[in-house]
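Peer 1:
In the working numbering, the protein residues as written are 1389 to 1744.
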């Protein structure tokens, strides 16, 4: 089968701009500020369907088993057979429940590696971390057509949706955007819209006390990271800096791109990556946490100046669950390795939180 080629036109850009304006208006009016990523995305797409400015200006595919397609929903296959449609691309939202890389690869092939894929699997019962087969995050990280995100809150999901519409359909960048969506209610914490789509932003405000450790988290694990920072402060008197990282993969690719550009410089000023802009050249130890396998967060290792540790679903023994206490203990261990605290504190933490 030949590759599907969708033709971007001026109407593609105007349709995306209309969608962005509609989504931004919902943000300004205070809609779903405390909602989950899944609820937020579903609600926003319903608003796009009902708004006169955006109705008919985008495509939607919905293969979620418990929610039959309605309204502007279409199957992906008409794109292959309708030449007028192919020659006048519109923003595409693909709502799915894809637990495997094979299924996700099949559906993105249907759409010519274009669109915004919204995967609702994390809330479903599964023996796999985040409801995803172990090969799925590997496929996402290695697929250069894909920009994967793991939003922690509804506000992050909204920001990523706006960023993806702008990058893919206003600027005309190739590829597709992927979001995994959990259905846990948000904590009302507003995000930095621009930096969220770039991959990371700081949650806590700078304080006069220099941080002794930096904690990075994505998706639902961000809550455990925030709780670990509080534990470090309350139980051990350690200042922790907290960052939300909706996309470790985008951060790593950007840092890799800038490193390659630096090696090939011909009298040009060196560029910095967003990761470098955020963390700088500090030697403060970094603990990066993901709900996926450890390698997802470990993509940053080569680009972080200070001591770096990645934690994921496979970092512990099968009977152990990665949580705030393990994150706090890992931070203590890193500080002990640097001889900034006594190793006795690590043993105390293991006993106190019953981790052994």
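Glycine included, each C-beta is placed from N, C-alpha and C at the ideal position. Quick caveat, the model's predicted, so the values are computed rather than measured.
(1) To which residues of the same chain is residue 1746 closer than 6 Å at the C-beta, ignoring the five residues directly before and after it?
(2) Going by alpha carbons, who is nearest to residue 1746 out of 1613, 1492, 1700?
(3) Mind reading off the beta-carbon distance from residue 1441 to residue 1410? Whole number of angstroms is fine, and I expect it under 8 Å.
(4) Enumerate in chain order the residues of its own chain whose CB-to-CB distance from residue 1731 is below 8 Å, with the five nearest sequence positions on each side excluded.
(5) Assign residue 1505 to buried or exposed, taking buried as 16 or more other Cβ atoms, counted over all protein chains shown, within 10 Å of its Cβ.
(6) If residue 1391 sits next to residue 1500, beta carbons under 8 Å apart, how far is it from one beta carbon to the other, in whole angstroms?
(7) What residue range is occupied by the uninterrupted alpha helix (DSSP H) comprising residue 1635?
(8) CA-CA distance, residue 1436 and residue 1478?
(9) Give a yes or no on whether the C-beta atoms belonging to residue 1495 and residue 1489 are separated by under 8 Å.
(10) Taking C-beta to C-beta, are residue 1540 and residue 1587 nearer than 8 Å?
(11) Compute the Euclidean distance between the alpha carbons of residue 1631 and residue 1406, then round it to the nearest angstrom.
(12) What residues are listed by DSSP as bridge partners for residue 1535?
(13) Less than 8 Å separating the beta-carbons of residue 1536 and residue 1637?
(14) Check whether the Cβ atoms of residue 1393 and residue 1476 sit closer than 8 Å, and answer yes or no.
(15) So, with DSSP's three-state summary, where would you put residue 1548?
(16) Would you call the region 1701 to 1710 and the region 1728 to 1742 in contact, with 3 or more CB pairs under 8 Å?
(17) Would you give the residue range spanned by the beta strand (DSSP E) that residue 1518 belongs to?
(18) Do residue 1581 and residue 1428 count as a contact pair if the criterion is CB distance below 8 Å?
(19) Taking Cβ positions, are residue 1609 and residue 1679 nearer each other than 8 Å?
(20) Drop a sphere of 10 angstroms on the beta-carbon of residue 1735, count the other beta-carbons inside from all chains shown, and report buried for 16 or more, exposed for fewer.
(21) Taking C-beta to C-beta, are residue 1715 and residue 1616 nearer than 8 Å?
Peer 2: Taking the definition as stated:
(1) With the chain running from 1389 to 1744 in the structure shown, residue 1746 is simply not present.
(2) Nothing about residue 1746 can be read from this structure; the chain reaches only from 1389 to 1744.
(3) Within the chain shown, residue 1441 is the residue found at index 53, counting from 1. Within the chain shown, residue 1410 is the residue found at index 22, counting from 1. Approximately 6 Å separates the beta-carbon atoms of residue 1441 and residue 1410; this is inside 8 Å, confirming the contact.
(4) By 1-based counting over the chain shown, the position of residue 1731 is 343. 1724, listed in sequence order.
(5) In the chain shown, the residue the question calls residue 1505 occupies position 117. That one is buried.
(6) Here residue 1391 refers to the residue found at position 3 when the chain shown is read from its first residue. Here residue 1500 refers to the residue found at position 112 when the chain shown is read from its first residue. Between residue 1391 and residue 1500 the beta-carbon gap is near 6 Å, inside 8 Å, which marks them as a contact.
(7) Within the chain shown, residue 1635 is the residue found at index 247, counting from 1. Where residue 1635 is concerned, there is no enclosing alpha helix (DSSP H), given that its DSSP letter is neither H nor E.
(8) In the chain shown, residue 1436 corresponds to position 48, counting from 1. In the chain shown, residue 1478 corresponds to position 90, counting from 1. Cα-Cα distance, rounded: 13 Å.
(9) Stepping through the chain shown from its first residue, residue 1495 is reached at position 107. Stepping through the chain shown from its first residue, residue 1489 is reached at position 101. No, they are not a contact pair.
(10) As a first step, residue 1540 must be located in the chain shown, where it is residue number 152. As a first step, residue 1587 must be located in the chain shown, where it is residue number 199. Taking 8 Å as the Cβ cut-off, residue 1540 and residue 1587 do not qualify as a contacting pair.
(11) In the chain shown, the residue the question calls residue 1631 occupies position 243. In the chain shown, the residue the question calls residue 1406 occupies position 18. Rounded to whole angstroms, residue 1631 to residue 1406 spans 31 Å at the Cα level.
(12) Locating residue 1535 in the chain shown gives position 147, counting from the first residue. Residue pairing by DSSP puts residue 1535 in a beta bridge opposite 1565.
(13) Your numbering for residue 1536 matches position 148 in the chain shown. Your numbering for residue 1637 matches position 249 in the chain shown. Against a cut-off of 8 Å, the Cβ pair of residue 1637 and residue 1536 comes out as a contact.
(14) Translated into the one-based positions of the chain shown, residue 1393 becomes position 5. Translated into the one-based positions of the chain shown, residue 1476 becomes position 88. Not in contact: residue 1393 and residue 1476 (Cβ atoms no closer than 8 Å).
(15) One-based indexing of the chain shown puts residue 1548 at position 160. Looking at residue 1548 - three-state DSSP - the assignment turns out to be helix.
(16) With a cut-off of 8 Å on Cβ pairs, the region 1701 to 1710 is not in contact with the region 1728 to 1742, counting fewer than three such pairs.
(17) Stepping through the chain shown from its first residue, residue 1518 is reached at position 130. Neither: residue 1518 is in no beta strand (DSSP E) and is coded neither H nor E.
(18) Taking the first residue of the chain shown as position 1, residue 1428 is located at position 40. Taking the first residue of the chain shown as position 1, residue 1581 is located at position 193. No. Outside cutoff.
(19) As a first step, residue 1609 must be located in the chain shown, where it is residue number 221. As a first step, residue 1679 must be located in the chain shown, where it is residue number 291. With contacts defined as CB atoms closer than 8 Å, residue 1609 and residue 1679 qualify as a contacting pair.
(20) By one-based count along the chain shown, residue 1735 stands at place 347. By the neighbour-count definition (other C-beta atoms within 10 Å, threshold 16), residue 1735 is an exposed residue.
(21) As a position in the chain shown, residue 1715 is number 327, starting the count at 1. As a position in the chain shown, residue 1616 is number 228, starting the count at 1. Yes.
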